[in-house]
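Residues are numbered in our numbering as their position in the sequence shown, beginning at 1, plus a constant of 15. Note that the Cβ used here is the ideal one computed from N, Cα and C, for glycine as well.
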Amino acid sequence: MTFILELEHVVKRFGGLVATNDMTFAVYKGESLGLIGPNGAGKTTIFSLIMGEHKVDSGSIRLHGEELTGLPTHKRIRRGIARTYQVPRPFADMDVLANIEVGLMPDSLIEMLVSPFDHAEGRAIARSVGLAEADLHRDPAELSMGDLRKLELARTLATRPEVMLLDEVFAGLTSGEIAQISGLLKEKRQDGLTYVIVSHDLRSLEPLIDRAIAMTQGTFVCAGSYQEVMNDKAVRMAYLGH
Numbered sequence: 016m017t018f019i020l021e022l023e024h025v026v027k028r029f030g031g032l033v034a035t036n037d038m039t040f041a042v043y044k045g046e047s048l049g050l051i052g053p054n055g056a057g058k059t060t061i062f063s064l065i066m067g068e069h070k071v072d073s074g075s076i077r078l079h080g081e082e083l084t085g086l087p088t089h090k091r092i093r094r095g096i097a098r099t100y101q102v103p104r105p106f107a108d109m110d111v112l113a114n115i116e117v118g119l120m121p122d123s124l125i126e127m128l129v130s131p132f133d134h135a136e137g138r139a140i141a142r143s144v145g146l147a148e149a150d151l152h153r154d155p156a157e158l159s160m161g162d163l164r165k166l167e168l169a170r171t172l173a174t175r176p177e178v179m180l181l182d183e184v185f186a187g188l189t190s191g192e193i194a195q196i197s198g199l200l201k202e203k204r205q206d207g208l209t210y211v212i213v214s215h216d217l218r219s220l221e222p223l224i225d226r227a228i229a230m231t232q233g234t235f236v237c238a239g240s241y242q243e244v245m246n247d248k249a250v251r252m253a254y255l256g257h
């Protein structure tokens, strides 16, 4: 199998705090990988480093074998990697549909001017994540937290990523909404999507992932199947204290 995303000896410090300490792991093309660990383990920081939202102090991050370190976030998105956020970040001055359609816009201004814009794709993405037609022209501030999560996922899908980084995508969702989003992610995998998921809802995470990587205090602990990782002594100590 081929690696699509690789992190090698990645270090990030915030003042005297080491947020990630020599993190090394790789994600296979088409894989669903769970990144697990207690609060403060550094999981969200890893996502921010991959996206270029924080600059690595040392180490390498590669997509398809090509170095991402030094590239701005928008160029990483155009190369095929995108993320959701624990706290949704919609554009407050746009309605729900326009928020989704931002990701569908072409790179070229000329192409944008000469090509007619089709709203059907944005609507289709909205439906796929469970957003109702009636929600599409509402302001994001009017949405429930569950619907904001759906909008966050829809905005990410609109960029047509090869790799998605999903940060607490199930938080605030009902069991029915979790089942719907889980089904969508399984469908997208059949289309070749690779994703890395951070979730404290381990029950919902387990059936979605092929492998898990555990980290604590910014440091790699172990990797393996979900059960192998959760049975690891160091992981149990980090989560349960015994």
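Q) What are the uninterrupted segments assigned as alpha helix (DSSP H) that are 4 or more residues long and contained completely in the stretch 53-134, given in chain order? A) 58-66, 88-93, 111-116, 124-129
Q. Which residue spans inside the stretch 150-233 form an unbroken alpha helix (DSSP H) run of at least 4?
A. 160-172, 190-205, 217-220
Q. So, helix, strand or coil for residue 27, using DSSP?
A. strand
Q: Return the first residue and the last residue of the alpha helix (DSSP H) that residue 245 is part of.
A: 241-245
Q) Hey, residue 151 and residue 111 are a contact pair by Cβ (cut 8 Å); roughly how many whole angstroms apart? A) 5 Å
Q: Could you tell me which residues DSSP pairs with residue 43 in its beta bridges?
A: According to DSSP, residue 43 bridges with 18.
(Q) Do residue 189 and residue 44 have their beta-carbon atoms positioned less than 8 Å apart in this structure? (A) no
(Q) Using only the alpha-carbon positions, how far apart do residue 277 and residue 71 sit? (A) Outside the shown range of the chain, which is 16 to 257, sits residue 277, and nothing can be said about it.
Q) Could you give the C-beta distance for residue 38 and residue 97, rounded to a whole number, given that I count them as a contact under 8 Å? A) In fact, because the Cβ distance is near 20 Å, the residues do not count as touching under 8 Å.
**Q.** Cβ-based burial, residue 246 [other Cβ within 10 Å; buried from 16]
**A.** exposed
Q | At least 3 beta-carbon pairs within less than 8 Å: the stretch 73-82 vs the stretch 19-32 | A | yes
(Q) Tell me which residues share the same chain as residue 68 and place their Cβ nearer than 7 Å to its Cβ, disregarding the 5 neighbours each side in the sequence. (A) 88
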